[in-house]
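Numbering (the working numbering), first residue to last: 3 to 68.
Ideal placement from N, C-alpha and C gives every residue a C-beta, glycine not left out.
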């Protein structure tokens, strides 16, 4: 275990029991947020080929040059 991990565990152990639920909720929030970001990025990358024909055309290129 790394020093930062051990330091965090030591700090958590010093918290009163009622705060442990808050810490757990926050950790769960971080994990869900990261999962949602990965899902959004994956969906964006997966949709790029489908939108390529729409985005890559002369009319769009003229607009981009404005």
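Item: Separation of residue 39 from residue 15, as counted between CA atoms; Value: 30 Å
Item: Spatial distance of residue 62 from residue 10 (CA atoms); Value: 51 Å
Item: Cβ separation of residue 29 and residue 17, assumed to be a contact under 8 Å, to the nearest whole Å; Value: Actually they do not touch by this definition, with Cβ atoms about 13 Å apart.
Item: Backbone CA spacing between residue 47 and residue 68 [nearest angstrom]; Value: 26 Å
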